[in-house]
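Per our numbering, the very first residue in the sequence shown carries number 1; after that it's consecutive. The C-beta atom is built at its ideal place from N, Cα and C for all residues, glycine as well.
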Amino acid sequence: MAKAVEVLVCGVVQGVGFRPYVYRLAAEYKLVGYVINLGDAGVRIWAEGDDVSIDKFLIVLQNNPPSSARIDELRVESRNPAGYGGFSIKKSQGLGIKGDIAPDRAICEYCLIELRDKKNPRYDYPFISCVDCGPRFTSIKRLPYDRENTSYDCFPPCPACINEYDNPKKRRFHAQTISCPRCGPRYYLTDKKGALIESGDVLHQAATLLKEGAILTIKGVGGMHLACRTKDDEVIKKLRKRTHRAQQPFAIMALDIDIISSFASINKKERNLLVSGERPIVLLNKKDSYDLSDLIAPGLDSVGVMLPYTGLHHLLMPLMGEPLVLSSANMPGEPMAMANKQAIRLGLSDYLLLHDLDIVNRCDDSVMKLVNGKESFLRRSRGFAPTTLDVINSKGVNVLALGAEHNSNTCFLREDKAYVSQYIGNTSKPPTLAYLKQSAKYLMSLMGGKPDEVACDLHPGYQSSRLADEISQEYDIPLVAVQHHHAHLCSLLAEHGLDEIVCLCVDGAGYGLDDTIWGGEIIVYDGNTFTRAAHLAPQRMPGGDKAAYYPSRMLLGVLYDRFTATELEELAGRLGLKFELEGMEANVVLQQLDKNLNVTLSSSCGRVLDSLAALLGVCYHRSYDGEPAIKLEALGNKGKKTLKIPIEFKDGVLDTTSIVVEALRLKQEGARISDIAYCAQKALALGLGEMAVEVAEEYRIKTLGISGGVAYNNIIVKSIADYVRKKGIKFKQHTVLPPGDGCISLGQAQYVLERKNG
């Protein structure tokens, strides 16, 4: 007996080949009706046929969707048959149910085969894609996901592409980014002033220039990279000088896993990340056989590596004969260039390899590493953004959250979903603040809602907080200022679906409720109240924020109570401490401490690690975020010998000065600095772990977690996790969002929900 059903599907179901898949599935079960994209990323299916066929169709639909799709909800309602004569893909509608935007996907294996097949019409075509791969989020102007709503609307498909688009048996059936050399975008080469360079083979010419030591700007799908050789110290020095990145590690791209294995260690989890459809940069340990320039990741034992993810990469990399440095084309703290004229104006490269396809949404490369054996994001962006999480929103409130100041992103919470944007960056820079605002507006427009409340960081000096105030006035909605570490804790609640937690919030800085700088906190949330139950001992920061950039200042501040000024001055000389000015002596900083002149207090874990970095001589100037602590961890990874460093805490305060003093004593006694680095970090971790377990037992909470920038440190996280688990307490860490400030916007939105739901 014939029957009909109307099926509403939400999740990631646009831009992933879902409609063609439904069409073929309906044909397999001899159903009639239609499938249609809805205006806010959902899909509607009308299916008519016999009972058995419809039931089988629905089972397969729910359990075996396309590989890039994700079905969050599937609603089925019985209808009266309408008597359709066949099954069709209908023109998209402007109204619908909520859904999610598909992230970009790396080139699939089938497109890669075609790219290399001389008989294929898309042989050597850099923009090759299909329903399963290619640009999605970076190309979408608005929903629904149809060609006219993407950057490809400027490239009308040729008759051959139209035939493929209309053929249900082809892989590009209803592929919105379908194109070929006859009708699609094109690459071209220019000099640094933008003048066109005539070339019979643009990619061979680009490879030749790179081999000769040139720096090239290469336009990709979500922005621009600066590329150069990996075995040429001089060109890397030139790149560092032009981009003002004195020490910041550069990422590299290698042709395949075998090449990566020649210079870096890869375990199974890391390999799976590298070859995944998201194609992130993965931090890998350097091998002894590492033969690339030491200037790529100076002072570090790891290097960030990715595999090719576009047709262009697969065409260019075999021509090189070595991996390529691929660094984002921007000045520090500012957004990556994505427009051709902007890239030329920047003047960072000798030549530019550009194309004529507009980038709608900037999307930096995602960066990952393994921490405590689990996948951890340093940056969640290309391939993963926008990120969607399920939340409990009993009041149905829409929340826009703008994150913190550095490593920022934005989150829009609508109904039972939280949508987190791509990586934004340092919003203290005006171009990045404008990017944050644009990203927030775009996210809201895609998700089809306006905020009922706007959330930001408690720090009144953050530009993101000022933007939140503007939005609050624009929409006439409440502004909620969220303490930084409360947001860190709430992001763990959201990720893991928790009601309560004891959270180690460990980072560089967060504006505290007592107007001091926090960053080494043990905070309890019992479902109703946030309690600062324990913390690291507050330390002096001579020069205020200057001490966050010059670790020698921090070291003197930490040791100030244990030594006289004369002893500290002599110690600074013996250690060879360096300050911000050439020839500057320690006595200048000591005078600041003596007079309590511009000296702030901080319980920051990051600043304690900075002081250890200065003590052990691994970093005297922070040129990029987290540099002293990252180099300290790299040094500690070489440590082998266990040295005893006592842990002292009382009344919920961990004495970090004693750890630093003991590290100093060990250094003076001639212990290896790598052993000291390892054991000092482990002592700090165990001190935090022991205090946190005591707090958890006191509050009878069975889950303990860690969040904040220090949660990238594998020595510290693993030490805490091992101790916590031995005590029978569950341990949680971030695996969906970065533990650093990339999780703050979600945490701010969740904080608003906790207030509402509670």
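Ala-721 beta carbon less than 9 Å from that of Asn-267: Within the sequence shown, the letter at position 267 stands for residue 267. Within the sequence shown, the letter at position 721 stands for residue 721. No, the pair does not count as a contact, with Cβ atoms beyond the cut-off.
Would you please state the rounded distance, in angstroms, between the beta carbons of Gly-222 and Cys-363? I believe it to be under 8 Å. Along the sequence shown, one-based indexing puts residue 222 at 222. Along the sequence shown, one-based indexing puts residue 363 at 363. Correct: roughly 3 Å between the Cβ atoms.
Could you tell me whether the stretch 579 to 598 touches the stretch 495 to 515, where touching means 3 or more Cβ pairs closer than 8 Å? no
Can you name, in chain order, every residue of its own chain whose Cβ lies under 6 Å from the Cβ of Ile-252, other than the five neighbours on each side? The residue labelled residue 252 in the question sits at position 252 within the sequence shown. Here the set comprises Thr-230, Val-305, Pro-323 and Val-325.
Measuring only between beta-carbons, confirm whether Asp-288 sits less than 9 Å from chain C. The structure shown has no chain C; it contains just one protein chain.
Please say whether Gly-689 and Tyr-723 have beta carbons closer to each other than 9 Å? On the sequence shown, position 723 is the one that residue 723 refers to. On the sequence shown, position 689 is the one that residue 689 refers to. Annotated as proximal: Tyr-723 and Gly-689, with beta-carbon spacing under 9 Å.
So does the stretch 352 to 362 actually touch the stretch 188 to 205, counting three or more Cβ pairs closer than 8 Å? yes
Reference Tyr-423, options Pro-430, Cys-411 and Glu-415, closest by Cα: What you label residue 423 is simply residue 423 of the sequence shown in a count that begins at 1. Minimum Cα distance to Tyr-423 is reached at Cys-411.
Exposed or buried, which one is Ala-82 when buried takes at least 16 other CB atoms within 10 Å? Translated into the one-based positions of the sequence shown, residue 82 becomes position 82. With fewer than 16 Cβ atoms within 10 Å of its Cβ, Ala-82 is classed as exposed.
Kindly list the residues whose CB is nearer than 6 Å to the CB of Val-7, restricted to its own chain and excluding five residues on each side of it in sequence; keep chain order. In the sequence shown, residue 7 corresponds to position 7, counting from 1. For Val-7, where only same-chain residues beyond five positions count, the Cβ hits under 6 Å are Ile-45 and Val-76.
Within the same chain, show all residues whose beta-carbon is closer than 7 Å to that of Leu-273, passing over the 5 residues directly before and after it, in chain order. Taking the first residue of the sequence shown as position 1, residue 273 is located at position 273. If we look at Leu-273 and ignore the five residues flanking it on each side, its Cβ neighbours are Pro-280, Val-282, Met-368 and Glu-375.
Please say whether Leu-664 and Leu-571 have beta carbons closer to each other than 9 Å? As a first step, residue 571 is located in the sequence shown; it is residue number 571 there, counting from the start. As a first step, residue 664 is located in the sequence shown; it is residue number 664 there, counting from the start. Yes, they are a contact pair.
Spatially closest choice to Ala-765 from Asp-365, Pro-181, Pro-308 and His-225, by CA coordinates: The requested residue 765 does not occur in the structure, where the chain is confined to residues 1 to 758.
Residue environment, Asn-163, which counts as buried when at least 16 other CB atoms sit within 10 Å: As a working mapping, residue 163 is identified with position 163 in the sequence shown. So Asn-163 counts as exposed.
Considering only C-alpha positions, which residue in the set Val-275, Glu-278, Gly-277 and Gly-299 is nearest to Lys-286? As a first step, residue 286 must be located in the sequence shown, where it is residue number 286. Residue Gly-299 holds the alpha-carbon nearest to the alpha-carbon of Lys-286 among Val-275, Glu-278, Gly-277 and Gly-299.
Counted within 10 angstroms of its Cβ, other Cβ atoms place Tyr-123 as buried (16 or more) or exposed: Start at 1 with the first residue of the sequence shown, and residue 123 comes out as number 123. Exposed, because fewer than 16 other Cβ atoms sit within 10 Å of the Cβ of Tyr-123.
Is the beta carbon of Phe-764 less than 9 Å from the beta carbon of Gly-705? Because the chain here runs from 1 to 758, residue 764 falls outside it and cannot be looked at.
Buried or exposed for Leu-556, please, with buried defined as at least 16 other CB atoms from any protein chain shown within 10 angstroms of its CB. For the purposes of this step, residue 556 is taken as the residue at position 556 of the sequence shown. So Leu-556 counts as buried.
Since Ile-71 and Gly-33 are thought to touch, with beta carbons under 8 Å apart, how far apart are those beta carbons, to the nearest angstrom? Residue 71 sits at position 71 when you count from the first residue of the sequence shown. Residue 33 sits at position 33 when you count from the first residue of the sequence shown. Actually they are not in contact, since the Cβ atoms of Ile-71 and Gly-33 sit about 19 Å apart, beyond 8 Å.
Neighbour-count burial assignment, Thr-529, 16 or more Cβ in a 10 Å radius: In the sequence shown, counting from the first residue as 1, residue 529 sits at position 529. Thr-529 comes out exposed.
Going by beta carbon distance, what residues of the same chain come within less than 6 Å of Gly-512, once the five residues before and after it are set aside? The sequence position of residue 512 within the sequence shown is 512, counting from 1. Excluding positions up to five away in sequence, the list reads Trp-518.
Which value, in whole angstroms, describes the spacing of the CA atoms of Asn-64 and Phe-18? The residue given as residue 64 occupies position 64 in the sequence shown. The residue given as residue 18 occupies position 18 in the sequence shown. Between Asn-64 and Phe-18, the C-alpha separation is close to 11 Å.
What separation, rounded to the nearest whole angstrom, lies between the Cα atoms of Tyr-475 and Pro-451? As a first step, residue 475 must be located in the sequence shown, where it is residue number 475. As a first step, residue 451 must be located in the sequence shown, where it is residue number 451. So the alpha carbons of these two residues sit roughly 8 Å apart.
Which runs of the alpha helix (DSSP H) fall wholly inside the stretch 628 to 668 and span at least 4 residues, in chain order? 656 to 668
Would you kindly work out how many angstroms separate the C-alpha atoms of Ser-328 and Arg-245, rounded to a whole number? In the sequence shown, residue 328 corresponds to position 328, counting from 1. In the sequence shown, residue 245 corresponds to position 245, counting from 1. Distance from the CA of Ser-328 to the CA of Arg-245, rounded to the nearest whole angstrom, comes to 11 Å.
Using only the alpha-carbon positions, how far apart do Glu-28 and Leu-458 sit? Here residue 28 is taken as the residue at index 28 of the sequence shown, counted from 1. Here residue 458 is taken as the residue at index 458 of the sequence shown, counted from 1. Across the structure, Glu-28 and Leu-458 are spaced so that their CA atoms are roughly 57 Å apart.
DSSP three-state call for Pro-542: helix, strand or coil? Stepping through the sequence shown from its first residue, residue 542 is reached at position 542. Three-state DSSP puts Pro-542 in a strand.
Residues near Arg-171 in its chain [Cβ-Cβ closer than 7 Å; skip 5 each side]: Position 171 of the sequence shown, counting from 1, holds the residue named residue 171. Taken in chain order, the residues that qualify are Tyr-110, Cys-130 and Val-131.
Whole-angstrom Cβ separation of Val-599 and Arg-562, contact assumed at under 8 Å? On the sequence shown, position 599 is the one that residue 599 refers to. On the sequence shown, position 562 is the one that residue 562 refers to. With a Cβ gap of about 16 Å, Val-599 and Arg-562 do not count as contacting.
For Val-693 versus Lys-727, is the C-beta distance shorter than 9 Å? Reading the sequence shown from its first residue, position 693 is the one you call residue 693. Reading the sequence shown from its first residue, position 727 is the one you call residue 727. Result yes, Cβ atoms of Val-693 and Lys-727 sit closer than 9 Å.
Within 9 Å, strictly: CB atoms of Val-420 and Leu-737: As a first step, residue 420 is located in the sequence shown; it is residue number 420 there, counting from the start. As a first step, residue 737 is located in the sequence shown; it is residue number 737 there, counting from the start. Taking 9 Å as the Cβ cut-off, Val-420 and Leu-737 qualify as a contacting pair.
Taking only runs of the alpha helix (DSSP H) that begin and end inside the stretch 262 to 322, which ones reach a length of at least 4 residues, in chain order? 268 to 275 and 311 to 320
If you follow the beta strand (DSSP E) that Arg-75 is in, where does it begin and where does it stop? Counting from one through the sequence shown, the residue named residue 75 turns up at place 75. Here the beta strand (DSSP E) through Arg-75 covers 70 to 79.
Quick one: measure Cβ to Cβ for Cys-647 and Gly-617, integer angstroms, because I've assumed they're closer than 8 Å. Locating residue 647 in the sequence shown gives position 647, where the first residue counts as 1. Locating residue 617 in the sequence shown gives position 617, where the first residue counts as 1. Checking the sequence shown, residue 647 turns out to be Ile, not Cys. Going by Cβ atoms, the distance from Ile-647 to Gly-617 rounds to 24 Å, so no, they are not a contact pair.
Beta-carbon contacts of Val-397 that lie in its chain and below 8 Å, excluding the five residues immediately before and after: Within the sequence shown, residue 397 is the residue found at index 397, counting from 1. Result list for Val-397: Leu-413, Asp-452, Glu-453, Val-752, Leu-753 and Lys-756, in chain order.
Quick check: what's the CA-CA separation for Pro-121 versus Pro-181? As a working note, residue 121 is residue 121 in the sequence shown. As a working note, residue 181 is residue 181 in the sequence shown. Cα to Cα, Pro-121 sits roughly 8 Å from Pro-181.
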